[in-house]
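Engineer:
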Amino acid sequence: MRHVIALDVGGTGMKAALVGADGTLLHEARRPTGRDRGADAVVESILDFAAALRAHGIAHFGEPAAAAGVAVPGIVDAERGIAVYAANLGWSDVPLRDLLSARLEGVPVALGHDVRTGGLAEGRIGAGKGADRFLFVPLGTGIAGAIGIGGAIEPGAHGSAGEIGHIVVRPDGPPCGCGQRGCLERLASASAVSKAWAEASGDPEADAADCAKAVESGDPRAEEVWRNAVDALADGLLTALTLLDPHTLIIGGGLAEAGETLFTPLRAAVAARIVQFQTLPEIVPAALGDTAGCLGAGLLAWDLVDRKTATTPTDTAPTDTTPTDTAPSPTTPTDTDPTEVST
Numbered sequence: 001m002r003h004v005i006a007l008d009v010g011g012t013g014m015k016a017a018l019v020g021a022d023g024t025l026l027h028e029a030r031r032p033t034g035r036d037r038g039a040d041a042v043v044e045s046i047l048d049f050a051a052a053l054r055a056h057g058i059a060h061f062g063e064p065a066a067a068a069g070v071a072v073p074g075i076v077d078a079e080r081g082i083a084v085y086a087a088n089l090g091w092s093d094v095p096l097r098d099l100l101s102a103r104l105e106g107v108p109v110a111l112g113h114d115v116r117t118g119g120l121a122e123g124r125i126g127a128g129k130g131a132d133r134f135l136f137v138p139l140g141t142g143i144a145g146a147i148g149i150g151g152a153i154e155p156g157a158h159g160s161a162g163e164i165g166h167i168v169v170r171p172d173g174p175p176c177g178c179g180q181r182g183c184l185e186r187l188a189s190a191s192a193v194s195k196a197w198a199e200a201s202g203d204p205e206a207d208a209a210d211c212a213k214a215v216e217s218g219d220p221r222a223e224e225v226w227r228n229a230v231d232a233l234a235d236g237l238l239t240a241l242t243l244l245d246p247h248t249l250i251i252g253g254g255l256a257e258a259g260e261t262l263f264t265p266l267r268a269a270v271a272a273r274i275v276q277f278q279t280l281p282e283i284v285p286a287a288l289g290d291t292a293g294c295l296g297a298g299l300l301a302w303d304l305v306d307r308k309t310a311t312t313p314t315d316t317a318p319t320d321t322t323p324t325d326t327a328p329s330p331t332t333p334t335d336t337d338p339t340e341v342s343t
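So in UniProt numbering, the last one in the sequence shown is 343, and the numbering has no gaps at all.
(1) Starting from the N-terminal side, write out each stretch of the beta strand (DSSP E) that is 3 residues or longer and does not extend beyond the region 225 to 298.
(2) Do you know how far the Cα of Asp132 is from the Cα of Pro246?
(3) Would you mind sorting Ser217 into buried or exposed? The rule is 16 or more other CB atoms within 10 Å of its CB.
(4) Could you pull out every residue in the same chain whose Cβ sits closer than 8 Å to the Cβ of Glu105, ignoring the five residues on either side in sequence?
(5) Taking just the CA atoms, how far does Gly253 sit from Gly165?
(6) Just to confirm before moving on: does the CB-CB distance between Ala68 and Ile5 stay below 7 Å?
(7) Quick check on the DSSP output: the alpha helix (DSSP H) that includes Val193 runs from which residue to which?
(8) Whose C-alpha, out of Asp8, Glu44 and Thr309, is nearest the C-alpha of Glu28?
(9) Do Ala161 and Leu295 have their C-beta atoms within less than 7 Å of each other?
(10) CA-CA distance, Arg2 and Ala66?
(11) Taking 7 Å as the CB-CB limit, is Gly150 close to chain B?
(12) Drop a sphere of 10 angstroms on the beta-carbon of Asp320, count the other beta-carbons inside from all chains shown, and report buried for 16 or more, exposed for fewer.
(13) In this structure, how does DSSP classify Glu28 when only helix, strand and coil are distinguished?
(14) Can you list, in chain order, the residues of its chain whose CB lies under 6 Å from that of Thr141, leaving out five sequence neighbours each side?
(15) Output the distance between the C-alpha atoms of Arg267 and Leu18, rounded to the nearest integer angstrom.
(16) Which word fits Thr322, buried or exposed, when buried means at least 16 other C-beta atoms lie within 10 angstroms of its C-beta?
(17) Can you tell me whether Asp36 is helix, strand or coil according to DSSP?
(18) When you compare only the Cα positions, how much space is there between Gly11 and Asp207?
(19) Look up Arg129 in the DSSP assignment and say whether it is helix, strand or coil.
(20) Ala234 and Arg170 - do their beta-carbons sit closer together than 7 Å?
(21) Express the C-alpha separation of Val225 and Met14 in angstroms, rounding to a whole number.
(22) Thr117 and Ala287 - do their beta-carbons sit closer together than 7 Å?
(23) Rounding to the nearest angstrom, what Cα-Cα distance links Ala144 and Ala127 in this structure?
(24) At which residue ranges does the region 88 to 154 contain complete alpha helix (DSSP H) runs of 4 or more residues, listed in the order of the chain?
(25) Whose C-alpha, out of Gly202, Val43, Val115 and Gly23, is nearest the C-alpha of residue 357?
(26) Tell me the residue span of the alpha helix (DSSP H) that contains Ala209.
(27) Kindly indicate which three-state DSSP category Gly57 falls into: helix, strand or coil?
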């Protein structure tokens with residue numbers, strides 16, 4: 001059965017799947033990243049996981065994967081296949097595409113940025129399906145963005161398009177690791193809300209989910225923390241929609257799990273900031289949750305297969321490929337590996 005390897009590398013864990021040509025998840029697995037053992041160990045963990053996925057495909061589906069797609073955090077040079085920098089993983093200038101292709105015995109590999117790869121999945125098969133121009137913004141430990149235009153994700157001239165988390169929304173705000181003050185992600189990310197609520201509540205273990213619950217119960221301290229975060233987020237999103245004019249604004253990540261506790265005030269705050277020449281986009285929750293990166297990696301891999309097929313001379317039409325303008329839809333996995341470690 002023809003399939004590809006999809007691998008989403010996070011700061012602490014990796015999610016992976018073998019994906020069929022029709023989008024079926026044939027096998028799913030998770031492993032820890034192992035970042036506590038250092039950058040070299042992280043790379044080796046990725047290579048070992050990919051090799052195990054390849055072996056599983058051969059054993060269960062009778063052939064090796066046709067391609068592999070991998071999504072990683074940090075700064076990514078997708079064109080050259082290099083993981084340029086990732087603070088959480090401790091690496092710099094890792095030629096990950098070539099390393100993976102060698103470990104997979106020559107299988108072609110596509111490397112992508114985690115948020116842009118997740119945005120690709122949301123655009124093709126998730127909340128942005130059918131929108132020719134959208135912005136995907138996951139609110140997690142930090143905040144980044146993926147700009148979807150005409151079915152593709154815009155990487156930018158230097159591979160850093162969509163870094164909305166470093167728009168300054170409060171010039172006198174808290175310092176950011178990027179060197180600025182008052183960056184959006186220092187005020188409206190899930191980690192920022194967790195920090196603010198832990199201080200306001202006096203509970204060092206409290207997090208953003210606890211803050212959302214307290215908002216729902218009418219706690220005025222939580223309401224102030226939440227309002228400050230929503231206002232900062234609305235200011236950052238206003239800048240983005242002024243520049244990009246998207247049809248759809250997709251909000252994901254941990255903070256979006258608060259549902260209407262977030263979306264009702266956020267829609268109102270953005271609408272209140274719109275002026276005459278601007279158009280209010282549809283603001284919707286992400287549809288794919290924490291599977292977006294993995295599903296997007298699978299799409300990157302199938303795109304590689306399609307391009308290879310399109311450039312290979314043949315006298316007959318290929319019979320088992322997925323055209324790039326037809327998005328495979330995720331379906332219930334047919335095989336899972338209970339021995340993998342959940343993260």
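Glycine included, every Cβ here is placed at the ideal spot set by N, Cα and C.
In this text the structure is predicted, and so the values were computed from the model without any measurement.
Structural biologist: According to the structure shown:
(1) If we require 3 residues or more, the beta strand (DSSP E) runs fully inside the region 225 to 298 come out as 248 to 252 and 282 to 285.
(2) Computed Cα separation, rounded: 8 Å.
(3) Only exposed fits Ser217, as fewer than 16 other CB atoms lie within 10 angstroms of its CB.
(4) Taken in chain order, the residues that qualify are Arg54 and Pro64.
(5) When rounded, the distance between both Cα atoms is 13 Å.
(6) A distance below 7 Å separates the beta carbons of Ala68 and Ile5.
(7) In the DSSP assignment, Val193 falls within the alpha helix (DSSP H) that extends over Ala190 to Ser201.
(8) The shortest Cα separation from Glu28 among Asp8, Glu44 and Thr309 belongs to Asp8.
(9) Against a cut-off of 7 Å, the Cβ pair of Leu295 and Ala161 comes out as no contact.
(10) Each residue's Cα considered, the two are about 7 Å apart.
(11) Absent here is chain B; the protein component of the structure consists of one chain.
(12) Low local confidence applies: a pLDDT of 46 at Asp320 is under 50, so the model's placement there is unreliable, with the coordinate-based value given in what follows. Exposed, because fewer than 16 other Cβ atoms sit within 10 Å of the Cβ of Asp320.
(13) Under the three-state reduction of DSSP output, Glu28 falls in the strand class.
(14) Ser191, listed in sequence order.
(15) Using only the alpha carbons, I get a separation of about 37 Å.
(16) The predicted model places Thr322 with a pLDDT of 40, which falls under 50 and marks its position as unreliable, so this point remains unresolved.
(17) The answer is helix: DSSP assigns Asp36 an H, G or I state.
(18) For the pair Gly11 and Asp207, the Cα-to-Cα distance works out to about 19 Å.
(19) The residue you asked about is not Arg; residue 129 is Lys in the sequence shown. Residue state, collapsed to three classes: coil.
(20) The answer is no: Cβ separation not under 7 Å.
(21) If you draw a straight line from the Cα of Met14 to the Cα of Val225, it is about 32 Å long.
(22) Contact: no.
(23) Going by the C-alpha atoms only, they are around 17 Å apart.
(24) The qualifying runs are 96 to 103 and 114 to 125.
(25) Here the chain covers residues 1 to 343 and nothing more, so residue 357 does not appear.
(26) In this chain, the alpha helix (DSSP H) harbouring Ala209 covers Ala208 to Glu216.
(27) Looking at Gly57 - three-state DSSP - the assignment turns out to be helix.
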